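**Q**
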Amino acid sequence: MKGFFAKFKDGLKKTTPTFYKLFSSAGGLFGGKKIDASSMDELEEALYTADFGVETTEEILEEIQSAYRKDKELRGQDAAKIGANVLKRVLDGAEGDFDLTGDEVTVIAMVGVNGSGKTTTTAKLAKRFKEQGYNPMVGACDTFRAAANEQIKEWCTRLDVPLIASHHGADAAAVAYDAYAAAKARGSKVLLLDTAGRLHNKVNLMKELQKIRRVLQKHDDLAPQHAWLVLDGSIGSNSIDQARVFHQEFGLTGLIITKLDGTSRGGALVGIYRELKLPIFYVGLGEKPEDLQRFSAETYANAIFGVEE
Amino acid sequence: MLETLTDRLGTALRNIQGKGKLTEENMAESLQEVRKALLAADVHFRVARDFIKRVSEKSVGQEVTKAVNPGQMIVKIIHDELVNLLGEGTTELSTKKPLRVMMVGLQGSGKTTFTGKLALHLRKKGYTPALIACDVYRPAAIDQLETIARDNDFLFYCERDNKDVPQIGQRGWDWAKQQGADAILFDTAGRLQIDEALIEEVKLLRERVQPDESLLVADAALGQEAVNVAKTFNEAVPLNGIVLTKLDGDTRGGAALSMKAITDVPIKFLGTGEKVTDLEVFHPDRLAQRILGMGDVVSLVERAQEAVDEKEAMRMAEKLQRADFNFEDFLSQMKAMQRMGPLGSIVKMMPGMSGIEVGEKEEKKLKHTEALILSMTLKERRNPGILNGSRRARIAKGAGLEVRDLNALVKQFQQMKKMMKMMQGPKMEKMMKKMEKMQGKGGKGLPGGKNPFGDGAGLPGGLPDDLGSRLPGGKNPFDGMKF
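These protein sequence lines are chains A and B, in that order.
Residue numbers 32 to 340, in the working numbering, belong to the letters of the first sequence in order.
Residue numbers 9 to 491, in the working numbering, belong to the letters of the second sequence in order.
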């Protein structure tokens with residue numbers, strides 16, 4: 032199994048013509064050659080095309096520029112380290128941690144807009160938690176989309192993880208309630224709730240989420256202990272709006288960024304962390320369950336700038 | 009949050025008003041602002057740069073007289089250029105019969121949902137659609153398409169134990185022809201554009217079924233990645249069109265410009281909801297305004313329609329016409345407004361106001377207003393005239409507020425009523441007609457067509473007076489209405 036760094040770099044290599052060429056230590060902007068005005072332009076382009084957004088891009092550019100003013104001999108590798116350090120500083124504390132060893136069932140509600148990868152991620156997490164001995168249970172709270180039940184059902188059958196589901200069109204909160212009762216009865220340590228995709232600006236759908244919370248609290252005042260927003264890594268600045276609204280309406284405890292196995296850099300997560308300080312629990316680097324990996328700010332920053340670990 | 013583009017350009021260009029012609033030098037600062045706005049809307053870096061160049065070339069040499077605001081002038085040039093670029097090419101689907109359409113795209117972009125929408129659209133045009141399930145990977149993808157087919161009575165073909173996608177496509181096509189279908193839609197699996205094996209599969213499928221239209225289904229909120237996605241898919245499977253999905257979200261949609269500019273593949277449809285009817289043909293001007301953060305009045309009206317029930321709206325319109333409007337109506341309008349979403353997101357849709365933040369303070373003010381009305385008796389709500397000192401003291405106490413808060417509300421309410429009286433008669437009818445025309449379907453319109461909070465109360469600083477002039481071309485759908 033490849034590590035986060037290697038996987039992410041694989042993706043980087045596939046990007047032409049910008050990132051890898053630019054940031055690889057062999058030649059390119061961040062290789063051994065000296066920095067000049069045109070490499071700053073290239074750098075600016077690379078940062079924007081990674082979806083870092085205006086604020087982070089300007090911050091990185093400024094730091095490299097000020098280092099350049101002090102030292103005209105600044106080389107590409109040095110600039111890369113400065114860039115990586117800015118990212119590490121901005122992402123300080125962004126690695127999420129959680130504990131499933133409590134006495135009560137820990138409920139994790141998976142939320143997000145349509146097509147972000149909630150169901151697939153739920154299945155991958157279920158597999159992981161099962162292997163770790165937490166005896167997970169899944170609640171199929173997407174009662175809206177055509178065949179959503181079938182999708183999660185097929186996953187759970189494959190993984191041999193128990194599932195609580197109702198019929199299409201049923202009340203999602205009622206499914207959550209029943210799933211909690213079942214999880215408790217079976218001694219599960221963790222209950223994963225796969226909710227329906229909803230765009231964050233649909234008020235009524237956000238209210239439905241709040242109802243899930245209210246109903247769960249009839250079982251346990253603290254449930255759901257976690258609400259994880261699943262974000263598609265190829266989405267741009269709208270990710271920040273998504274995170275902001277989901278957090279405001281539902282109280283998120285962290286993020287999962289999916290689909291980072293393509294050529295997208297998922298730079299929007301930096302903007303989200305800057306603003307909301309929501310930790311990132313996992314990143315999705317491929318289709319296979321083991322491709323869902325814990326997030327490491329240091330690795331992410333190094334991979335982006337081609338700084339070897 | 010960004011200020012409105014026009015405002016920022018106005019600042020950047022303040023020195024050149026009345027000073028002859030636009031030059032590269034005097035526009036530099038403002039074009040930098042435009043660039044930032046485009047980048048913030050997720051337009052690709054290079055596309056933004058090239059676009060700015062085009063705008064600069066068009067602008068240089070234009071006269072800036074005292075009469076025009078140079079900011080507005082440049083925004084108009086940008087807007088027109090954007091509409092041109094977005095709208096180039098055939099945005100219509102081929103009218104061939106039989107018609108074969110293949111959907112491709114990344115995972116989660118909305119291909120299956122769109123396939124259902126397109127089938128319905130084609131049936132309305134007289135086709136008999138058949139859906140062929142070519143996604144053999146995602147669990148239950150076949151079930152999803154089958155459910156859509158069953159619910160809408162479309163012909164449906166799948167092979168559950170076969171992984172040979174080109175073969176499924178071929179057999180599905182043969183089967184659909186036998187069944188009398190003349191619009192055959194192939195729903196393929198989501199795939200990364202860099203996944204060579206899966207891209208090869210879609211190429212083989214294409215060779216086998218020879219689609220008349222290959223459509224890339226893409227999330228409108230895609231970031232800079234949009235360029236790679238569109239370019240690589242277009243190289244593998246020459247695309248005939250792009251479909252932007254999830255435009256019912258609040259993304260600015262700059263990805264659309266990136267994809268169009270890089271591939272020159274026309275945008276053909278917009279997905280605007282989860283229901284099978286939520287499909288729109290493409291309007292370049294609406295998307296251009298959205299990318300530039302100029303608000304989206306049409307969406308606002310649509311949201312209002314969703315939130316307000318028709319009878320209630322009719323009743324309200326009548327009341328407004330008679331200027332017979334009391335606190336109960338005020339309350340119910342407020343409720344309707346709340347159903348449309350947080351005030352902040354509504355304000356963002358208004359032209360020229362996308363940069364205005366509606367924060368907690370304004371939301372709180374609304375809550376106070378609601379509390380004050382709720383602590384009135386029904387009689388008081390219906391006859392605000394009876395509010396004497398002791399009643400006022402009681403109401404304020406009941407709402408946990410001061411009497412002066414109530415006084416301010418009553419005053420605001422009276423002003424609103426006065427304004428309604430002014431709007432009575434032919435002027436009002438004209439306005440209602442305008443609202444209907446704007447929606448294009450003679451719908452219900454916003455109840456009374458105006459903000460229920462009186463003259464801009466609750467909005468910081470009220471609505472700007474020059475709303476009309478802020479829209480490119482000076483088209484203001486609220487024209488004739490005084491805020």
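Glycine is no exception: its CB is placed at the ideal position from the N, C-alpha and C atoms.
The structure presented is a predicted model; accordingly, all values stated were derived computationally and were not measured.
Contact check, Met110 of chain B vs Phe164 of chain B under 8 Å by CB: the rounded distance?
**A** Here residue 110 of chain B is taken as the residue at index 102 of the second sequence, counted from 1. Here residue 164 of chain B is taken as the residue at index 156 of the second sequence, counted from 1. About 16 Å separates the two Cβ atoms, so there is no contact after all.
**Q** Counting along the chain, where does the alpha helix (DSSP H) carrying Gly133 of chain A start and finish?
**A** The count along the first sequence starts at 1 and reaches residue 133 of chain A at position 102. Here Gly133 of chain A belongs to no alpha helix (DSSP H), and DSSP marks it neither H nor E.
**Q** Along the chain, which unbroken stretches of the beta strand (DSSP E) at least 3 residues long are found entirely within the stretch 202-237 of chain A?
**A** Fully enclosed beta strand (DSSP E) runs of 3 or longer: 221-226.
**Q** Thr150 of chain A and Asp225 of chain A: beta carbons closer than 8 Å?
**A** By 1-based counting over the first sequence, the position of residue 150 of chain A is 119. By 1-based counting over the first sequence, the position of residue 225 of chain A is 194. Yes. Within cutoff.
**Q** Kindly list, in the order they appear in chain A, the residues whose Cβ is closer than 8 Å to that of His87 of chain B.
**A** Residue 87 of chain B sits at position 79 when you count from the first residue of the second sequence. Correct list: empty, because the minimum Cβ distance to chain A is about 21 Å.
**Q** Would DSSP call Leu339 of chain B helix, strand or coil?
**A** Here residue 339 of chain B is taken as the residue at index 331 of the second sequence, counted from 1. Correct three-state label for Leu339 of chain B: helix.
**Q** Am I right that Glu86 of chain A and Arg305 of chain A are in contact with their C-beta atoms under 8 Å? What's the rounded C-beta distance?
**A** For the purposes of this step, residue 86 of chain A is identified with residue 55 of the first sequence, where counting begins at 1. For the purposes of this step, residue 305 of chain A is identified with residue 274 of the first sequence, where counting begins at 1. Right, the Cβ-Cβ distance comes to about 7 Å (below 8 Å), so this counts as a contact.
**Q** Could you compute how far the alpha carbon of Asn415 of chain B sits from the alpha carbon of Met345 of chain B?
**A** Residue numbering aside, residue 415 of chain B sits at position 407 when the second sequence is read from its first letter. Residue numbering aside, residue 345 of chain B sits at position 337 when the second sequence is read from its first letter. Asn415 of chain B and Met345 of chain B: Cα-Cα distance of roughly 23 Å.
**Q** Residue ranges of each alpha helix (DSSP H) run of no fewer than 4 residues wholly in the stretch 61-116 of chain A, ordered along the chain?
**A** Runs of the alpha helix (DSSP H) inside the stretch 61-116 of chain A: 68-80 and 84-101.
**Q** Look at Thr377 of chain B and Met342 of chain B and say whether their C-beta atoms are less than 8 Å apart.
**A** Taking the second sequence and counting its residues from 1, one reaches residue 377 of chain B at position 369. Taking the second sequence and counting its residues from 1, one reaches residue 342 of chain B at position 334. Yes, Cβ-Cβ distance for Thr377 of chain B and Met342 of chain B is below 8 Å.
**Q** Listed in chain order, which residues of the stretch 183-203 of chain A have Cβ atoms closer than 7 Å to some Cβ of chain B?
**A** From the stretch 183-203 of chain A, only Glu185 and Trp186 have a Cβ closer than 7 Å to chain B.
**Q** How many Å lie between Arg217 of chain A and Tyr165 of chain A at the Cα?
**A** If you number the first sequence from 1, residue 217 of chain A lands on position 186. If you number the first sequence from 1, residue 165 of chain A lands on position 134. So the two alpha carbons sit approximately 11 Å from each other.
**Q** For Lys290 of chain A, would you say it is in contact with chain B, using Cβ-to-Cβ distances shorter than 8 Å as the test?
**A** Position 259 of the first sequence holds residue 290 of chain A. Yes, contact with chain B.
**Q** Helix, strand or coil for Phe54 of chain A per DSSP?
**A** What you label residue 54 of chain A is simply residue 23 of the first sequence in a count that begins at 1. Unreliable placement is indicated for Phe54 of chain A, whose pLDDT of 47 sits below 50; no coordinate value is reported for it.
**Q** For chain A, find out if any of its Cβ atoms is closer than 8 Å to the Cβ of Phe162 of chain B; answer yes or no.
**A** Reading the second sequence from its first residue, position 154 is the one you call residue 162 of chain B. No, its Cβ sits nowhere closer than 8 Å to a Cβ of chain A.
**Q** Determine the chain A residues that contact Gly69 of chain B at a beta-carbon separation under 8 Å, and present them in chain order.
**A** Position 61 of the second sequence holds residue 69 of chain B. Within 8 Å Cβ-Cβ: nothing; Gly69 of chain B doesn't reach chain A, min ~27 Å.
**Q** I'd like to know if Thr155 of chain B contacts chain A, where contact means its C-beta is closer than 8 Å to some C-beta of that chain.
**A** Working through the second sequence from its first residue, we reach residue 155 of chain B at position 147. By this cut-off, Thr155 of chain B is an interface position.
**Q** Going by beta carbon distance, what residues of the same chain come within less than 6 Å of Ile192 of chain B, once the five residues before and after it are set aside?
**A** As a position in the second sequence, residue 192 of chain B is number 184, starting the count at 1. Here the set comprises Arg108, Ala138, Trp181 and Ala184.
**Q** Spell out the partners DSSP gives Ile311 of chain A in its beta bridges.
**A** To locate residue 311 of chain A, count along the first sequence from 1; it is residue 280. Note: Ile311 of chain A sits in a beta bridge opposite A:Glu126 and A:Leu286.
**Q** If I measure Cβ to Cβ from Asp50 of chain B and keep anything under 8 Å in the same chain, skipping five residues before and after, which residues do I get?
**A** As a working mapping, residue 50 of chain B is identified with position 42 in the second sequence. If we look at Asp50 of chain B and ignore the five residues flanking it on each side, its Cβ neighbours are Ala229, Leu230, Gly231, Gln232, Ala234, Thr259, Arg260, Gly261, Gly262, Ala263 and Ser266.
**Q** Expressed to the nearest angstrom, what Euclidean distance is found between the alpha-carbon atoms of Met35 of chain B and Gly95 of chain B?
**A** By 1-based counting over the second sequence, the position of residue 35 of chain B is 27. By 1-based counting over the second sequence, the position of residue 95 of chain B is 87. Rounded to whole angstroms, Met35 of chain B to Gly95 of chain B spans 26 Å at the Cα level.
**Q** Just to make sure I have the definition right: I need the residues of chain A whose C-beta is within less than 7 Å of the C-beta of Ala229 of chain B. Which are they?
**A** As a first step, residue 229 of chain B must be located in the second sequence, where it is residue number 221. Result: Ile266, Gly267 and Asn269.
**Q** With DSSP run on the structure shown, which of helix, strand or coil describes Gly279 of chain B?
**A** For the purposes of this step, residue 279 of chain B is taken as the residue at position 271 of the second sequence. Looking at Gly279 of chain B - three-state DSSP - the assignment turns out to be strand.
**Q** Can you list, in chain order, the residues of its chain whose CB lies under 8 Å from that of Ala226 of chain B, leaving out five sequence neighbours each side?
**A** Position 218 of the second sequence, counting from 1, holds the residue named residue 226 of chain B. Hits under 8 Å: Gly113, Leu114, Ser117, Ala234, Val237, Ala238, Ile250, Val251, Leu252, Thr253, Ala263 and Met267.
**Q** State the CB to CB distance for the pair Ile287 of chain A and Tyr313 of chain A, rounded to an integer number of angstroms; the pair is presumed to be in contact (CB under 8 Å).
**A** Locating residue 287 of chain A in the first sequence gives position 256, counting from the first residue. Locating residue 313 of chain A in the first sequence gives position 282, counting from the first residue. Confirmed, about 5 Å.
**Q** Ignore the nearest five residues each way along the sequence and tell me which others in Leu323 of chain A's own chain have a CB closer than 6 Å to its CB.
**A** For the purposes of this step, residue 323 of chain A is identified with residue 292 of the first sequence, where counting begins at 1. Counting only Cβ-Cβ distances below 6 Å, and skipping sequence neighbours, we find Lys155, Tyr313 and Gly315.
**Q** Mapping DSSP to helix, strand and coil, what is Ala229 of chain B?
**A** Against the second sequence, residue 229 of chain B aligns to sequence position 221. The answer is coil: DSSP assigns Ala229 of chain B none of H, G, I, E or B.
**Q** How would you call Ser67 of chain B, buried or exposed, if buried means at least 16 neighbouring beta carbons within 10 angstroms?
**A** Within the second sequence, residue 67 of chain B is the residue found at index 59, counting from 1. Classification of Ser67 of chain B: buried, given that the 10 Å Cβ count is 16 or more.
**Q** Please list the partners that Ala177 of chain A has in chain B, where partner means a Cβ-to-Cβ separation under 7 Å.
**A** The sequence position of residue 177 of chain A within the first sequence is 146, counting from 1. The contacting residues are Gln152, Thr155 and Ile156.
**Q** Pull out every residue of the stretch 115-129 of chain A whose Cβ sits closer than 9 Å to any Cβ of chain B, in chain order.
**A** Here the close residues number zero.
**Q** Please work out which residues of its chain come closer than 8 Å, Cβ to Cβ, to Arg390 of chain B, disregarding the five sequence neighbours upstream and downstream, and give them in chain order.
**A** Sequence index remark: in the second sequence, residue 390 of chain B carries index 382 (1-based). If we look at Arg390 of chain B and ignore the five residues flanking it on each side, its Cβ neighbours are Asn334, Phe335 and Glu336.
**Q** Are the C-beta of Ile202 of chain B and some C-beta of chain A separated by less than 8 Å?
**A** Position 194 of the second sequence, counted from the first residue, corresponds to residue 202 of chain B. Cβ-Cβ to chain A under 8 Å: yes for Ile202 of chain B.
**Q** Give a yes or no on whether the minimum CB-CB distance between Asp322 of chain A and chain B is below 8 Å.
**A** Taking the first residue of the first sequence as position 1, residue 322 of chain A is located at position 291. With 8 Å as the cut-off, Asp322 of chain A does not count as an interface residue toward chain B.
**Q** With a threshold of 8 Å between beta-carbons, can Thr99 of chain B be considered close to chain A, or not?
**A** Against the second sequence, residue 99 of chain B aligns to sequence position 91. No, no contact with chain A.
**Q** What do you reckon, is the C-beta of Ala344 of chain B under 7 Å from a heavy atom of the ligand PLP?
**A** Looking at this structure, you won't find the ligand PLP or any other ligand, since it has none at all.
**Q** Assuming Phe122 of chain B and Glu76 of chain A form a contact by the criterion Cβ under 8 Å, report the distance between their Cβ atoms to the nearest whole angstrom.
**A** Locating residue 122 of chain B in the second sequence gives position 114, counting from the first residue. Locating residue 76 of chain A in the first sequence gives position 45, counting from the first residue. Contact flag wrong, Cβ pair sits at about 32 Å.
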